[in-house]
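Participant:
Protein chains: 2
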Amino acid sequence: MATYTPSQVAAKTGFSLDTLRYYERIGLLGDIARTSGGRRTYDDDDLGWLGMVQCLRDTGMPIADMLRFAELCRNGDDTIPERIALLEQHDATVQEKIAHLNTQQQRISNKIQWYRDVTRADDVPSKVADSAPV
Amino acid sequence: MATYTPSQVAAKTGFSLDTLRYYERIGLLGDIARTSGGRRTYDDDDLGWLGMVQCLRDTGMPIADMLRFAELCRNGDDTIPERIALLEQHDATVQEKIAHLNTQQQRISNKIQWYRDVTRADDVPSKVADSAPV
DNA sequence: TTGCCACCTGGAGTGCGCTCCAGGTCAAGG
DNA sequence: CCTTGACCTGGAGCGCACTCCAGGTGGCAA
């Protein structure tokens, strides 16, 4: 099975070496295999898990929740329903976040358009005056 | 013109009193009018600006950038092109964020589905084994 | 006039998620 | 062998965006 040095993993995942060590220290990664000399050797399972971590992190899951998920994963197949529940909960949160982002982005677009109208008219015409303020 | 007490503004906007004072202190709000006794009295313009701040904050703009935008707004109509540029830049960032969130959410959905398939099969059948790992 | 509560100020503290550092170890190339 | 650079550990430090606090003031209601 393929193994990877810390710097290879950093390159592949975008996590820094410090972050990788940090995640391991707090228990987000489980113990990583070592060489006889004590150097970490990551394998494909580790990379897979790191991908999951990255996905959850990038969607805004706090580390505490990821730790909970990691713990469930470590505790065998009986926890799968709980894992599903956790992910569904998170999925709903992400859904809301996306929706909120979309509405806020619309506001930004409106504002940009408002500025464009203002500059084209060289002043604030009534047609445009009731747009977003300031 | 309608005016509002700090707690009314907090209720309307969702910002805490401390956050309102903090934003004022760092220059994100400009000086808020005061009563003779020194109490803040916010007006509708302030609320409008706070709405903008909220929109930018919720879409992930760092305070430093909002300060820059606030400064442009204070410096008259000549800065409107710069404001547009800043907002367009931000808009693009938000766009990317939404796109990334969507792809990551897809991964989460896949993972949930994968867990469902696993539990239904009571083990990992080959049909499902090449899905997302761990 | 006296409570009382909302509000004021400046400054210190908090939580999160890393990031940096000092001082040491391991292993491959020359 | 010796150098060199990637890696090790434990712990301290950082940047952001607030949040809390102590000690004091304003103004309305009873």
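Keeping their order, the protein sequence lines are chains F and U. Numbered by the UniProt record's numbering, the letters in the first sequence go through residues 1 to 134 in order. Numbered by the UniProt record's numbering, the letters in the second sequence go through residues 1 to 134 in order. Note that the Cβ used here is the ideal one computed from N, Cα and C, for glycine as well.
Within a Cβ cutoff of 8 Å, which residues of the same chain sit near R34 (chain U), ignoring the five residues on either side of it in sequence?
Facilitator: R40, T41
Participant: Buried or exposed, going by whether 16 or more other CB atoms sit within 10 Å of the CB of H100 (chain F)?
Facilitator: exposed
Participant: Considering only residues of the UniProt domain "HTH merR-type" (3-72) of chain U, which uninterrupted alpha helix (DSSP H) runs meet the minimum length of 4 residues and lie entirely inside it, listed in chain order?
Facilitator: 6-13, 17-25, 44-58
Participant: So, does the CB of V9 (chain F) fall closer than 8 Å to a CB anywhere in chain U?
Facilitator: no
Participant: Please check if any C-beta of chain F sits within less than 8 Å of the C-beta of Q89 (chain U).
Facilitator: no
Participant: I think T59 (chain U) touches I108 (chain F), with their Cβ atoms under 8 Å apart; what is that distance to the nearest whole Å?
Facilitator: 7 Å
Participant: Grab the span of the alpha helix (DSSP H) containing N110 (chain F) for me, first residue to last.
Facilitator: 80-121
Participant: If you count every other CB in all the chains shown that lies within 10 Å of the CB of D46 (chain F), and 16 or more means buried, which is it?
Facilitator: buried
Participant: In its own chain, which residues sit with a C-beta less than 6 Å from the C-beta of I79 (chain U), not counting the 5 before and 5 after it?
Facilitator: Note on identity: in this sequence residue 79 (chain U) is Thr, with Ile being the wrong assignment. Cβ neighbours of T79 (chain U) beyond the five flanking positions: L72.
Participant: Round the Cβ separation of I112 (chain F) and D91 (chain U) to the nearest angstrom and send it over; I've been treating them as touching at under 8 Å.
Facilitator: 7 Å
Participant: For the segment 12-28 of chain F, enumerate the residues whose C-beta is nearer than 9 Å to any C-beta of chain U, in chain order.
Facilitator: none
Participant: Less than 8 Å between the beta carbons of A2 (chain U) and D44 (chain U), yes or no?
Facilitator: Yes, Cβ-Cβ distance for A2 (chain U) and D44 (chain U) is below 8 Å.
Participant: Report yes if the CB atom of R120 (chain F) is closer than 8 Å to the CB atom of I84 (chain U), and no otherwise.
Facilitator: At a Cβ-Cβ threshold of 8 Å, R120 (chain F) and I84 (chain U) do not count as neighbours.
Participant: The segment 105-117 of chain U: which residues have C-beta closer than 8 Å to a C-beta of chain F, in chain order?
Facilitator: Q105, R107, I108, S109, K111, I112, Y115, R116
Participant: Between R57 (chain U) and S36 (chain F), what straight-line distance do the alpha-carbon atoms span, to the nearest angstrom?
Facilitator: 49 Å
Participant: Just the chain U side, please: which residues come within less than 8 Å of N102 (chain F) by C-beta, in chain order?
Facilitator: I98
Participant: Determine the closest residue to R68 (chain U) out of U:L86, U:A10, U:G48, U:T5, with distance taken between C-alpha atoms.
Facilitator: U:L86
Participant: In chain order, what residues of the segment 59-87 of chain U put their CB closer than 9 Å to some CB of chain F?
Facilitator: Among the residues of the segment 59-87 of chain U, those with a Cβ less than 9 Å away from any Cβ of chain F are T59, G60, C73, D77, I80, P81, R83, I84, L87, in the order of the chain.
Participant: Are the beta-carbon atoms of M66 (chain F) and L29 (chain F) separated by less than 8 Å?
Facilitator: L29 (chain F) sits away from M66 (chain F), with the two beta carbons spaced by 8 Å or more.
Participant: List the residues of chain F whose Cβ lies closer than 9 Å to the Cβ of T119 (chain U), in chain order.
Facilitator: D77, I80, P81, I84
Participant: Go ahead and label A64 (chain U) buried or exposed: buried means 16 or more other beta carbons lie within 10 angstroms of its beta carbon, across all protein chains shown.
Facilitator: So A64 (chain U) ends up on the exposed side.
Participant: Any idea if L50 (chain F) is buried or exposed, counting beta-carbon neighbours within 10 angstroms, 16 or more meaning buried?
Facilitator: buried
Participant: What's the C-alpha gap between D18 (chain F) and E24 (chain U)?
Facilitator: 37 Å
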